[in-house]
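Asker:
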Amino acid sequence: MDHRRIDDQNVAELYVTGRLSPEDEETFESHLLECTECRERVGWADDLRTSIRAVAAEDAARASVQLGFLAWVSRHTRGARAGALMAALLAVAALPAWLQADRARLSRELAEARSEVHAAAVRPAPPVPAPAPVAAPAAPAAPVDTAELERLEQEKSRLEQQLARLTGPQNARIIPLGTVRGDSELQPIELGPSPEWIVVSLDLPQLDDETSYETYRVTLLEGIEGRRTLSKQGGFVPSASDTLDIHLYSDLLKPGTAYRFLLEGIDAGGRAVHVGEIPFKAVKG
Amino acid sequence: MLAEAVPARNRRGVEWSRETTPHGGMVVRLHFPPPETPAMTVLGEVSPADLVRRIRNGDPQAEEELIARFGEGLTFLLRRWTRGHNDAEDLYQETFRLALEKIRRGEVRDPERLAGFLRSLARNLSIEHYRKAARRGAREEEIETAADTANPDTGQLGQLLRKEKVTLVRRLLEELGSDRDRQILFRFYIAEEDKESIRTDLGLTAPEFNLVLFRARRRYRDLYERQAHPGAPRE
Numbered sequence: 001m002d003h004r005r006i007d008d009q010n011v012a013e014l015y016v017t018g019r020l021s022p023e024d025e026e027t028f029e030s031h032l033l034e035c036t037e038c039r040e041r042v043g044w045a046d047d048l049r050t051s052i053r054a055v056a057a058e059d060a061a062r063a064s065v066q067l068g069f070l071a072w073v074s075r076h077t078r079g080a081r082a083g084a085l086m087a088a089l090l091a092v093a094a095l096p097a098w099l100q101a102d103r104a105r106l107s108r109e110l111a112e113a114r115s116e117v118h119a120a121a122v123r124p125a126p127p128v129p130a131p132a133p134v135a136a137p138a139a140p141a142a143p144v145d146t147a148e149l150e151r152l153e154q155e156k157s158r159l160e161q162q163l164a165r166l167t168g169p170q171n172a173r174i175i176p177l178g179t180v181r182g183d184s185e186l187q188p189i190e191l192g193p194s195p196e197w198i199v200v201s202l203d204l205p206q207l208d209d210e211t212s213y214e215t216y217r218v219t220l221l222e223g224i225e226g227r228r229t230l231s232k233q234g235g236f237v238p239s240a241s242d243t244l245d246i247h248l249y250s251d252l253l254k255p256g257t258a259y260r261f262l263l264e265g266i267d268a269g270g271r272a273v274h275v276g277e278i279p280f281k282a283v284k285g
Numbered sequence: 001m002l003a004e005a006v007p008a009r010n011r012r013g014v015e016w017s018r019e020t021t022p023h024g025g026m027v028v029r030l031h032f033p034p035p036e037t038p039a040m041t042v043l044g045e046v047s048p049a050d051l052v053r054r055i056r057n058g059d060p061q062a063e064e065e066l067i068a069r070f071g072e073g074l075t076f077l078l079r080r081w082t083r084g085h086n087d088a089e090d091l092y093q094e095t096f097r098l099a100l101e102k103i104r105r106g107e108v109r110d111p112e113r114l115a116g117f118l119r120s121l122a123r124n125l126s127i128e129h130y131r132k133a134a135r136r137g138a139r140e141e142e143i144e145t146a147a148d149t150a151n152p153d154t155g156q157l158g159q160l161l162r163k164e165k166v167t168l169v170r171r172l173l174e175e176l177g178s179d180r181d182r183q184i185l186f187r188f189y190i191a192e193e194d195k196e197s198i199r200t201d202l203g204l205t206a207p208e209f210n211l212v213l214f215r216a217r218r219r220y221r222d223l224y225e226r227q228a229h230p231g232a233p234r235e
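As they're listed, the protein sequences go chains A and B. FYI, the numbering for the first sequence is 1 to 285, going by this note's numbering. FYI, the numbering for the second sequence is 1 to 235, going by this note's numbering.
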């Protein structure tokens with residue numbers, strides 16, 4: 001493996017993020033055994049990756065504290081007042097800075113696409129040419145414009161979807177779920193008529209005084225005892241009110257089906273320790 | 001910036017020291033005496049096949065050369081695979097013990113691929129080590145190759161270092177010329193999106209995409225080094 005290829009193709013970055021194929025990984029690791037320079041490359045790439053993730057975790061923790069507060073409000077406020085308060089609070093809930101930047105960029109592109117579509121739609125028809133002395137077959141009506149309009153419409157739709165995906169959690173419903181004791185009925189999560197972002201605010205079970213975890217891993221499993229994993233994600237930081245706030249696209253859940261969240265704390269050695277499970281049932285809203 | 005140099009002497013009388021790098025890695029340095037009498041071969045110029053041949057012929061100097069040539073790299077890989085656990089040291093010893101035995105017995109099929117042989121041996125020993133630990137009742141931990149490596153940022157000094165690095169990354173992100181470059185870093189390192197899909201989505205060629213990642217790593221290193229050595233000239 002030569003250094004030109006390693007730099008040109010960012011092999012060190014691909015290695016630290018686990019993106020190399022098994023064969024390339026083996027070749028690169030064999031190379032690392034003898035190459036100090038590449039070990040340094042890997043060290044810096046790893047460092048950058050860890051630090052970028054720390055920046056994102058800090059931003060997410062800030063947003064999470066705000067969402068945790070919103071979840072707390074939703075549990076302690078009832079009726080129409082709650083709705084109004086939630087809407088007002090959601091409006092100020094901050095997204096991490098980098099998501100904000102992305103959102104701003106997409107909004108800008110979307111506005112441009114819209115204005116182009118609008119301009120194309122209202123563009124005056126070209127002047128009718130003077131009739132030719134000899135009758136010619138009629139030309140197809142402005143095929144280029146139609147294709148361009150179609151392309152812009154598609155682009156607009158794509159951008160709108162991206163924008164919805166990026167900004168979705170900000171406008172999401174917050175559903176609190178707590179640990180169930182005994183044989184109580186499963187807590188329901190009501191699904192709307194169409195897929196949407198929801199924020200499930202999971203109450204962390206009480207741990208003994210000496211145990212605490214900085215981050216948690218959450219796994220969504222189908223069934224009360226089933227093992228089919230639908231989603232697994234780590235790096236969740238508890239909110240100020242001891243909840244984990246999970247952004248979920250409701251499409252993942254089927255009405256009438258039972259699920260459970262498996263909660264694991266990540267200890268200082270990086271090991272996952274089981275801390276509890278929260279079962280629930282998806283129901284039609 | 002290296003710390004914790006612990007000098008020691010191995011059973012053949014060669015002095016060595018263990019040092020910790022800024023990334024939390026471990027470097028083992030062997031301090032050979034200056035070449036007074038028998039001229040020593042420059043490391044790295046000896047072909048792997050020659051090294052294997054000399055070890056098979058019972059040359060103890062060749063065994064030292066093997067360790068000097070691959071020791072640091074092996075420590076680096078083992079610490080990644082074991083996420084920085086102390087097991088790395090045991091595995092290091094075990095890998096070289098077994099490697100020397102196999103080389104002496106002529107069990108290296110392709111001597112030119114000595115590095116690949118050592119890597120496979122170390123990898124298999126690491127996996128076996130964790131299987132045994134799991135059988136003993138400890139929680140089985142998957143041997144990771146790249147992601148989720150050990151976080152050396154523990155303790156007060158570690159926390160401080162981490163804070164500094166986070167500040168550097170924030171500065172790096174501010175310095176980036178465009179939102180697009182920021183997006184690339186976040187989508188690559190955090191969302192862990194497929195490289196091709198990020199590239200296609202942003203309408204970039206492969207070299208353009210790779211350049212952003214390459215420059216980010218270089219700039220991060222530059223910022224770190226300038227902070228560590230404020231008077232040093234810029235690279």
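Beta carbons are placed, not taken as given, at the ideal position from N, Cα and C, and that holds for glycine. These figures come from a predicted structure and were not determined experimentally.
Would you decide whether HIS31 (chain A) is buried or exposed? Buried here means 16 or more other CB atoms lie within 10 Å of its CB.
Answerer: buried
Asker: Counting only C-beta atoms, is SER241 (chain A) closer than 7 Å to chain B at any point?
Answerer: no
Asker: So does the region 162-176 of chain B actually touch the region 192-203 of chain B, counting three or more Cβ pairs closer than 8 Å?
Answerer: Segments in contact, no.
Asker: For the region 209-228 of chain B, which residues have a beta carbon sitting closer than 7 Å to at least one beta carbon of chain A?
Answerer: ASN210, LEU213, PHE214, ALA216, ARG217, TYR220 and ARG221
Asker: Less than 7 Å separating the beta-carbons of GLY276 (chain A) and TYR216 (chain A)?
Answerer: In this structure, TYR216 (chain A) does not lie closer than 7 Å to GLY276 (chain A) by Cβ.
Asker: Against ARG83 (chain B), what residues of chain A qualify as contacts under a CB-to-CB distance less than 9 Å, listed in chain order?
Answerer: GLY269 and GLY270
Asker: At the level of alpha carbons, what is the spacing between GLU29 (chain A) and LEU20 (chain A)?
Answerer: As the crow flies, the alpha-carbon of GLU29 (chain A) is around 11 Å from that of LEU20 (chain A).
Asker: If distances are taken between C-alpha atoms only, which option among A:ALA147, A:ILE189 and A:VAL42 comes closest to ASP310 (chain A)?
Answerer: Residue 310 (chain A) is absent from the structure shown; chain A starts at 1 and stops at 285.
Asker: In terms of alpha-carbon separation, which member of A:THR211, A:GLU23 and A:PRO195 lies closest to ALA282 (chain A)?
Answerer: A:PRO195
Asker: Secondary structure at ILE242 (chain B), three-state DSSP: helix, strand or coil?
Answerer: Look at the range of chain B in this structure, 1 to 235, and you will see that residue 242 (chain B) is not part of it.
Asker: May I ask you to report which of helix, strand or coil DSSP gives PRO176 (chain A)?
Answerer: strand
Asker: Where does GLY234 (chain A) fall in DSSP's three states?
Answerer: Of the three classes helix, strand and coil, the one that applies to GLY234 (chain A) here is strand, per DSSP.
Asker: Residues in the region 187-205 of chain B with C-beta within 8 Å of chain D's C-beta atoms, listed in sequence order?
Answerer: This model lacks chain D altogether; the protein chains it does include are A and B.
Asker: Excluding the 5 residues flanking GLY178 (chain A) on each side, which residues of the same chain have their C-beta closer than 6 Å to its C-beta?
Answerer: Leaving aside the five residues that flank GLY178 (chain A) on each side, the residues in its chain whose CB is nearer than 6 Å to its CB run, in chain order, ASP203.
Asker: Count the other C-beta atoms from every protein chain shown that fall within 10 angstroms of the C-beta of PRO193 (chain A), then say buried if there are 16 or more, exposed otherwise.
Answerer: Exposed is the call here.
Asker: Does at least one heavy atom of the ligand SAH sit under 6 Å from the Cβ of ASP251 (chain A)?
Answerer: This structure lacks the ligand SAH, and indeed carries no ligand of any kind.
Asker: Among A:GLY256, A:VAL16, A:GLU214 and A:PHE280, which residue has its Cα nearest to the Cα of ARG271 (chain A)?
Answerer: A:GLU214
Asker: What residues from chain A crowd round LEU74 (chain B), counting only those whose CB sits closer than 7 Å?
Answerer: LEU33
Asker: Below 9 Å on C-beta distance, what does GLU214 (chain A) contact in chain B?
Answerer: Those do not exist, as GLU214 (chain A) stays about 11 Å from chain B at its closest Cβ, beyond 9 Å.
Asker: At a CB-CB cut-off below 9 Å, which residues of chain A make contact with PHE70 (chain B)?
Answerer: LEU33 and GLU34
Asker: Taking ARG218 (chain B) as the reference, which of A:LEU33, A:GLY43 and A:PRO22 has the closest Cα?
Answerer: Among A:LEU33, A:GLY43 and A:PRO22, the Cα nearest to that of ARG218 (chain B) is on A:GLY43.
Asker: Measuring CB to CB, does GLY223 (chain A) end up less than 7 Å from ALA258 (chain A)?
Answerer: yes
Asker: For ALA136 (chain A), does the count of other Cβ atoms within 10 angstroms reach 16, so buried, or fall short, so exposed?
Answerer: In this prediction, ALA136 (chain A) scores a pLDDT of 42, lower than 50, which makes its location untrustworthy; the coordinate-derived value is nonetheless stated afterwards. That one is exposed.
Asker: Closest to SER126 (chain B) by CA distance: which of B:GLN159, B:GLU101, B:ASN86 and B:ASP110 is it?
Answerer: B:ASN86
Asker: Buried or exposed, going by whether 16 or more other CB atoms sit within 10 Å of the CB of GLU65 (chain B)?
Answerer: Buried, because 16 or more other Cβ atoms sit within 10 Å of the Cβ of GLU65 (chain B).
Asker: With DSSP as the reference, please indicate the residues paired to LEU191 (chain A) in a beta bridge.
Answerer: A:LYS284
Asker: Taking just the CA atoms, how far does PRO238 (chain A) sit from ASP267 (chain A)?
Answerer: 14 Å
Asker: Is ARG272 (chain A) helix, strand or coil by DSSP?
Answerer: The displayed chain sequence assigns Ala, not Arg, to residue 272 (chain A). Three-state DSSP puts ALA272 (chain A) in a strand.
Asker: Start and end of the beta strand (DSSP E) containing SER201 (chain A)?
Answerer: 197-203
Asker: Output the boundary residues of the alpha helix (DSSP H) element that contains ASP90 (chain B).
Answerer: Start and end: 87-104.
Asker: Measuring CA to CA, which of B:LEU98, B:ALA122, B:ILE67 and B:SER178 is closest to TRP81 (chain B)?
Answerer: B:ALA122
Asker: With respect to the beta strand (DSSP E) encompassing ARG260 (chain A), which residues constitute its N-terminal and C-terminal limits?
Answerer: For ARG260 (chain A), the enclosing beta strand (DSSP E) stretches over residues 258-266.
Asker: Let me check one thing: in DSSP terms, what residues is THR215 (chain A) bridge-paired to?
Answerer: A:ILE266
Asker: May I ask you to report which of helix, strand or coil DSSP gives ASP245 (chain A)?
Answerer: strand
Asker: Suppose you measure from the CA of HIS247 (chain A) to the CA of VAL199 (chain A); what does that come to, to the nearest Å?
Answerer: 5 Å
Asker: With respect to the alpha helix (DSSP H) encompassing ILE224 (chain A), which residues constitute its N-terminal and C-terminal limits?
Answerer: Segment: none, ILE224 (chain A) is in no alpha helix (DSSP H) and carries neither H nor E.
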